[in-house]
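Trainee:
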Amino acid sequence: MSPVIIGIILIFLGLCLIPFGYSDFKEELKMVKEETSIFKRFIVYVLTFIGFIDLNSYLGWILSLALLLVFSGGAFIFLSIVP
């Protein structure tokens, strides 16, 4: 099987799993809307994202697996196209 096809399949699987993990991640970000500064909001988003992927919940596992599939699929495609 071609690495491009493997990459496309991995990206597709990852994109199918992201909504399950993102729904719980969105619940964690409700406090961010109160922040006024864009810089503070960005910092809170990053810290919440890192804290959410601590793998204590099933949805954290699903989101982590989805991101891993998307990035590895992109790497498969990139490495097969670039000589």
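For what it's worth, our numbering labels the leading residue of the sequence shown as 840, then goes sequentially.
We treat Cβ as the ideally placed atom computed from N, Cα and C, and that holds for glycine.
With 16 as the cutoff for other CB atoms within 10 Å, does phenylalanine 910 come out buried or exposed?
Mentor: exposed
Trainee: Around the C-beta of phenylalanine 851, are 16 or more other C-beta atoms found within 10 angstroms, so that it is buried, or is it exposed?
Mentor: exposed
Trainee: Just to confirm, are glycine 860 and isoleucine 901 a CB contact at a threshold of 7 Å?
Mentor: yes
Trainee: Skipping 5 residues on each side, what residues in its chain have a beta carbon closer than 8 Å to that of isoleucine 916?
Mentor: Pro842, Val843, Gly846, Ile847 and Ile850
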